[in-house]
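Numbering (this note's numbering), first residue to last: 1 to 161.
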Amino acid sequence: MDDPSLERAAQPLHRRRIRARLRARPRRPRRPEPDHAVIRTVAARALLTLLAALALLSAACGGGSGSAQPDVPLTLPPSPISAEVLELGRAVHNGTCAVCHGRNGEGGIGPAVIGVASRLTAADHLSVVQFGRGEMQAFRSLIEPDEIIAVVAYQRILVLR
Numbered sequence: 001m002d003d004p005s006l007e008r009a010a011q012p013l014h015r016r017r018i019r020a021r022l023r024a025r026p027r028r029p030r031r032p033e034p035d036h037a038v039i040r041t042v043a044a045r046a047l048l049t050l051l052a053a054l055a056l057l058s059a060a061c062g063g064g065s066g067s068a069q070p071d072v073p074l075t076l077p078p079s080p081i082s083a084e085v086l087e088l089g090r091a092v093h094n095g096t097c098a099v100c101h102g103r104n105g106e107g108g109i110g111p112a113v114i115g116v117a118s119r120l121t122a123a124d125h126l127s128v129v130q131f132g133r134g135e136m137q138a139f140r141s142l143i144e145p146d147e148i149i150a151v152v153a154y155q156r157i158l159v160l161r
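Right under this line is the structure:
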């Protein structure tokens, strides 16, 4: 069986048909090579868009420090604390703090502030409100320093009723 035509004839018919079809099919053209300059341009634009979006998000969330208050330690006014300061403190507590600490300071989502004077020094209490601690957020950028002083003074006089 040195004759190649005899070898082909000895093959099963289905193999011969498959080979004939494969030879008859036109070959697909090769894929064009990617244009690396275009890829780099698209990647650079995507990166710039991402950076711009992050900058806008940071600005929208207060990421800038344009109006941030300096980290000046606050102190309570000397005793006796005026009625105006306590009234401001009550208003700030009811408008801001009561959501977590309860309207009367009894606690809720956050711990009770009733009797806080026995647990924290005035300086620590001011620091917690100003800079936050644990799950409590910092309020120094949300309320004014005089309001922080007033709310701490008010919370320190809350007692169980």
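Note that the Cβ used here is the ideal one computed from N, Cα and C, for glycine as well.
None of these values were measured; they are calculated from a predicted model.
Starting from glycine 89, trace the alpha helix (DSSP H) both ways and give me its first and last residue.
83-92
DSSP state of arginine 45 mapped onto helix, strand, coil:
helix
CB cysteine 97 to CB valine 113, shorter than 9 Å?
yes
CA-CA distance, serine 79 and valine 159?
17 Å
In terms of alpha-carbon separation, which member of Gln130, Arg15, Ala55 and His14 lies closest to leucine 76?
Gln130
Local conformation of arginine 16 per DSSP, three classes
helix
Alpha helix (DSSP H) segment containing proline 32, residue limits:
Taken as a continuous stretch (DSSP letters only), proline 32 belongs to no alpha helix (DSSP H), as it is neither H nor E.
At the level of alpha carbons, what is the spacing between valine 128 and serine 118?
15 Å
Please look up how many angstroms separate the CB atoms of glutamine 155 and histidine 93, rounded, as I've assumed it's under 8 Å.
6 Å
If you reduce the DSSP assignment to three classes, tell me which class serine 127 lands in.
helix
Candidates Ile18, Glu106, Val151 and Pro12: closest to glutamate 84 by CA position
Val151
By Cβ distance, which residues of its chain are closer than 6 Å to arginine 90, with the 5 residues on each side in sequence left out?
Tyr154
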